[in-house]
Amino acid sequence: LSEKLDAAGQGHVLAHWDKLSAEEQQSLEQQLADLDGGLGLAGLRPMLLEAVKKHGEQRTGSIEGPPAAWVLRADGSDPVAEERWEGLGLSAIARGQCAACVLAGGMGTRLGMSWPKGMLGSKEVNEPFLPSGKSLFQVYAERILTLQRRARAHAGAADSPTIWFLVMTGEATHKAITDFFARYQFFGLREEQVLFFQQGMMPCFAEDGTVLMESAGRIATSPDGNAGIYPALRRSGVVDKLRAAGVRWVQAFSVDNVLVRVADPVWYGYQEETGADVCVKMVPKRDWQEAVGVVTLREGVPSVIEYSEIGSERAQETTAEGALKYNAANICLQAYTLDFLTGPAQQTTQWHLARKDIPTMDGKRPGIKLEGFIFDVFEAAKCFRLLQVDRAAEFSAIKNASDSGKPDTPQSALDSLSRLHRRWLRAAGAKLPADDARGGGPVCEVSPLVSYR
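Counting from 1, position 30 in the sequence shown corresponds to residue 18 in our numbering; the numbering is continuous, with no gaps.
See below:
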């Protein structure tokens, strides 16, 4: 390793080797071996310099809104199609061909929590959320339980099928999450159907491509981004387990969307019918100023362009019908075939950089973090499709603390859930006071064990 580090221009990593304890030496040696077996020590500096170069380049080429052929709707406007897709999806679930993955690696730091965000609502974290006291993780698990019951009834089967629940954790959250699931008996799921896997870490760099040292015996690192799902699924052996179990489709979602339809049968069915190897749910933007990435056709391939890159002039462009041209808001709901996850998704890696102050053994210093974006692999899809859904029914993110004065808080998510569940109850014949002019009304929570949608 010493020779490899010297050849790679990273010899400083071992500068304090002789002062380390045996345990610290073993830990650093393991960290280096993991890096060499993954990214390769020789490739660290070239990788960073290439990312810096691309970051400074002005991308050119055509950008268009998504072609109409990509987009169908599951927002209540075509109930016949939704019913057909739901039937296909429930049949696929009944055959044991479906999995759902929650991207849960992050801490709830921006919520003022020192716990994984998926634990929000649990009495353990002292952060009230739902009236039931359920955590986000419990809500998602119970939605899976309900779908397994529905798929069993749909197929007339004697036993409930298995929807595999994949949980991507992070280095800082893995133990807390796995212990949390174990303490609550996996929220009614079978232990063996919940597959935990850990997202990777990337070295932090100086501008010249040398890695920074967190301490004398440890390289400074940061999470590799939500695109870490792809190598982590392979590295952990999860995709091999899914293939052995006969799984064909995997839906992935962010942990902070309380309205997400986990393992949505309509989505599975839509993907099966269209033959898409990647299928993304989207909602129309609220207005051209909404700060959200949009799905586009860029240089002939599917792409997500961040709001900061679109610019205000392009963001306001409209179609001949008067609709926003760049209107397909990306809400981190993506579904794949297992073949795509084991093939093209493993071969497409783009690193994006963020210049940050990095804690090092010499104090905080300017440096570079690298991360991958989950949507960068979309361009590798042979058949890419969008499914337009109802924002009020499927998307309410939790990004900030309720007292932050910012949008997307636990309180706004509770309001969204309550408004949706009042709608369900009224549709079922319940008599409730009318919502006020701002959509407010009685707090309502329908258990996922009672109703899925």
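Note that the Cβ used here is the ideal one computed from N, Cα and C, for glycine as well.
Rounded C-alpha distance that separates residue i from residue j
{"i": "V365", "j": "K7", "result": "43 Å"}
{"i": "S148", "j": "A82", "result": "8 Å"}
{"i": "S406", "j": "R137", "result": "24 Å"}
{"i": "A232", "j": "E367", "result": "27 Å"}
{"i": "W152", "j": "L408", "result": "27 Å"}
{"i": "F363", "j": "S120", "result": "34 Å"}
{"i": "L99", "j": "L118", "result": "15 Å"}
{"i": "A311", "j": "G53", "result": "11 Å"}
{"i": "K352", "j": "A208", "result": "11 Å"}
{"i": "V238", "j": "D350", "result": "44 Å"}
{"i": "A215", "j": "D378", "result": "26 Å"}
{"i": "A(-4)", "j": "P253", "result": "49 Å"}
{"i": "K344", "j": "Q335", "result": "28 Å"}
{"i": "G84", "j": "T150", "result": "6 Å"}
{"i": "R178", "j": "T198", "result": "45 Å"}
{"i": "F169", "j": "D(-6)", "result": "44 Å"}
{"i": "R72", "j": "G257", "result": "8 Å"}
{"i": "R33", "j": "M101", "result": "35 Å"}
{"i": "L249", "j": "A381", "result": "According to the sequence displayed, residue 249 carries Arg and not Leu. Those two C-alpha atoms are separated by around 9 Å."}
{"i": "G31", "j": "T307", "result": "45 Å"}
{"i": "E195", "j": "A385", "result": "34 Å"}
{"i": "G94", "j": "H43", "result": "25 Å"}
{"i": "L165", "j": "N315", "result": "The identity of residue 165 in the sequence shown is Ile, whereas the question assumes Leu. Cα to Cα, the separation comes out at about 36 Å."}
{"i": "D423", "j": "G158", "result": "40 Å"}
{"i": "G355", "j": "A57", "result": "43 Å"}
Sequence-distant residues of the same chain with beta carbon closer than 7 Å to residue i, five excluded per side
{"i": "E370", "result": "Inspection of the sequence shows that residue 370 is occupied by Lys rather than by Glu. Result list for K370: D265, in chain order."}
{"i": "F383", "result": "N245, L247, V271, I319"}
{"i": "L437", "result": "E130, L133, T134"}
{"i": "K229", "result": "L183"}
{"i": "V59", "result": "L374, Q376"}
{"i": "Q18", "result": "none"}
{"i": "T325", "result": "R236, W237, D265"}
{"i": "T480", "result": "Outside the shown range of the chain (-11 to 441) lies residue 480, about which nothing can therefore be said."}
{"i": "F193", "result": "L36, V199, L200, G355, I356"}
Close-in-space but distant-in-sequence residues of the same chain around residue i (CB under 8 Å, 5 per side omitted)
{"i": "S15", "result": "G205, R206"}
{"i": "H162", "result": "F184, Q186"}
Test item: CB-CB of residue i and residue j under 8 Å
{"i": "S79", "j": "H142", "result": "yes"}
{"i": "V283", "j": "K273", "result": "no"}
{"i": "L91", "j": "S210", "result": "no"}
{"i": "L160", "j": "F185", "result": "The amino acid occupying residue 160 in the given sequence is Ala; Leu does not appear at that position. No; because the gap between Cβ atoms is not below 8 Å, this pair is not in contact."}
{"i": "K(-8)", "j": "L37", "result": "no"}
{"i": "V431", "j": "L329", "result": "no"}
{"i": "Q304", "j": "W276", "result": "yes"}
{"i": "E278", "j": "A317", "result": "yes"}
Chain-order list of residues whose beta-carbon lies under 6 Å from that of residue i (same chain, five-residue window excluded)
{"i": "Q13", "result": "none"}
{"i": "P332", "result": "A368"}
{"i": "L20", "result": "L(-11)"}
{"i": "K269", "result": "L321, L375, V377"}
Residue i: CB within 7 Å of a non-hydrogen atom of the ligand NAD
{"i": "I207", "result": "With respect to small molecules bound, the structure shown includes none, and the ligand NAD cannot be examined in it."}
**Request:** Could you pull out every unbroken beta strand (DSSP E) segment of at least 3 residues lying fully inside the segment 108 to 168, listed in chain order?
**Result:** 152 to 157
**Prompt:** Is there contact between the segment 99 to 116 and the segment 389 to 399, where contact requires at least three CB pairs shorter than 8 Å?
**Reply:** yes
**Item:** Minimum length 3: unbroken beta strand (DSSP E) runs contained in the segment 12 to 75
**Value:** 59 to 62
**Prompt:** Which runs of the alpha helix (DSSP H) fall wholly inside the segment 212 to 248 and span at least 4 residues, in chain order?
**Reply:** 217 to 223, 226 to 233
**Asked** Where in the segment 314 to 391 do unbroken runs of the alpha helix (DSSP H), each at least 4 residues long, occur, reported from the N-terminal end onward?
**Response** 326 to 330, 332 to 335, 379 to 382
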